[in-house]
Amino acid sequence: MAEDRIKKVSIVVSRGSLEGVYPGLIMANGARMEGMEANLFFTFFGLYAVLDKYMDKIKIATVGNPAMRVPDAKGFPLPTLLGALPGMSAFATWMMNKTMDKLDIPPIREFVEMISAAGAKLYACKATVDMFNLTMDDFCPEVDKVLTVGEFYELSAGSQIIFT
Amino acid sequence: MATKTLANVTVEVTEEGYLTNQAEWTKAVGEAIAKEEGIELTENHWKVVEFLQKEVKENGSLPTIRRLTKSGVVDTKALYQLFPNGPLKKAAKIAGLEKPASCV
C-alpha cells in the first residue's frame, strides 16, 4: 500500500463559479492533509478565485445547472428562468456558504490562505493573465507566480494532474 | 485489529496504528507513537495533542484543522511544521484518537 501512494498532485481550477472553485480547493487542501505535495493552477474564469478584488464575490451558478434544487438538495428543481431572477444566485450562495461554514469549509479567501500556509503552491495561467489584462498586483498575496502551460507541466513532473 | 507493544505496554491498534481503546493511552504511549512517526514531541506538539483530546472528550469528534487553528493553539503553518506529512492524522494518532474522518 505504501508504495503506490499518490505523492504529488497538480490541480487545475478552470471555472469561476462557487461549485467550480471549491472542489479544487478541497482537493488541494486534502492533499496537503495527507502529506502530499500540491500545486494549484488557476486558469480562465478559475482565476477569479485568486483575484484579490473578486474572490469574495464568487457565486453559485443558478442558471444552466439542471441538478440545482431549492430550497435544499432534496427540494424542487429550479427552472432556469427562475434561476435568472435578480438575487437568485446571491441567495443560493448565501445559503450554501452558511452550510459550508458549519462544516468548517472556509470562505474562499480564508481557504486560499489556509492552503498556502499548508504548503501548497498557487499559480496563475499566463495565457489567461494576458487575455484578461492582469498583473501580479491583481492577485491575492498567496499566488506565487504566473506560469506558462509548459512551466506548469515541468513543475508537475511526477504528479497526478487533476482538471476541475 | 492487532496488538502492539508501545512503551512496554500492549495496546490494541487498527491496521494503520490508531489506538482502538483510548483508555489505553498514556503520555508514554503517545511518545512511542510519535517516535515511530519520526516526531520528537515538544511543548508545542503537546498543546496540539491535548487540544485534540479535549475536543474529542467534549464534542465526541475530532476537530477540523480549521477549528484547531482558530483555537489559538497553533497556526496552519506551524501545525504542518510540527507534524509533517499529514498533521491531523499524525497528531490524532499520537493523541490515541481515531483516524480523522473529515474532508477538510
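Protein chains in written order, with our numbering: chain A, 1 to 164; chain B, 1001 to 1104.
Even glycine gets a Cβ: it sits at the ideal position worked out from N, Cα and C.
It should be emphasised that the depicted structure is a prediction, and the values quoted were computed from it without experimental measurement.
Checklist entry - Should A/Leu103 be labelled buried (16 or more other beta-carbon atoms within 10 Å of its own) or exposed? => result exposed
Next on the checklist: Run through the DSSP bridge pairs and tell me what B/Lys1004 is partnered with.
Outcome noted: B/Val1011
Next on the checklist: Quick check on B/Lys1093 - is its C-beta less than 8 Å from some C-beta in chain A?
Outcome noted: no
Checklist entry - Whose Cβ in chain B lies nearer than 7 Å to the Cβ of A/Glu142? => result Under the 7 Å cutoff, chain B gives no residues; its nearest Cβ is about 12 Å from A/Glu142.
Item to check | A/Met114 classed as buried or exposed, judged by whether at least 16 other C-beta atoms fall within 10 angstroms | outcome: buried
Next on the checklist: Checking 8 Å against the spacing of the C-beta atoms, do A/Ser197 and A/Ala49 come in under that value?
Outcome noted: Residue 197 of chain A is absent from the model: chain A starts at 1 and stops at 164.
Checklist entry - CA-CA distance, B/Ala1007 and B/Val1029? => result 6 Å
Checklist entry - From B/Glu1055 to B/Pro1063, what distance separates their C-alpha atoms? => result 7 Å
Next on the checklist: Are the CB atoms of A/Phe41 and A/Ser17 within a distance shorter than 8 Å?
Outcome noted: no
Item to check | Chain-ordered neighbours of A/Asn29 on chain B, where CB pairs are closer than 7 Å | outcome: Val1104
Checklist entry - Where does A/Ile6 land, buried or exposed, given buried means 16+ other C-beta within 10 angstroms? => result exposed
Next on the checklist: Strictly by DSSP, which residues pair up with A/Ala124?
Outcome noted: A/Phe42, A/Val146
Item to check | Contacts of B/Gly1086 in chain A (Cβ-Cβ under 8 Å) | outcome: Met33, Glu34, Gly35
Checklist entry - Counting only beta-carbon atoms, is B/Lys1054 nearer than 8 Å to chain A? => result no
Checklist entry - Do B/Val1009 and B/Lys1047 have their C-beta atoms closer together than 8 Å? => result no
Next on the checklist: For A/Phe44 and B/Glu1036, I'd like the C-alpha separation in whole angstroms.
Outcome noted: 45 Å
Checklist entry - Cα separation between B/Asn1044 and A/Asn133? => result 45 Å
Next on the checklist: Need the endpoints of the alpha helix (DSSP H) that A/Lys8 sits in, please.
Outcome noted: A/Lys8 -> not in any alpha helix (DSSP H); beta strand (DSSP E) instead, spanning 8 to 13.
Checklist entry - From A/Glu151 to A/Lys145, what distance separates their C-alpha atoms? => result 11 Å
Checklist entry - Hey, does A/Met114 have any beta-carbon neighbour from chain B nearer than 8 Å? => result yes
Next on the checklist: Contact defined as beta carbons within less than 8 Å: I believe A/Ile162 pairs with A/Val21. What is the distance between those atoms, to the nearest angstrom?
Outcome noted: About 14 Å separates the two Cβ atoms, so there is no contact after all.
Next on the checklist: Taking its Cβ as the centre, do 16 or more other Cβ atoms sit within 10 Å of B/Ala1023, making it buried, or is it exposed?
Outcome noted: exposed
Checklist entry - Grouping DSSP H, G and I as helix and E and B as strand, with all else coil, what is B/Ile1033? => result helix
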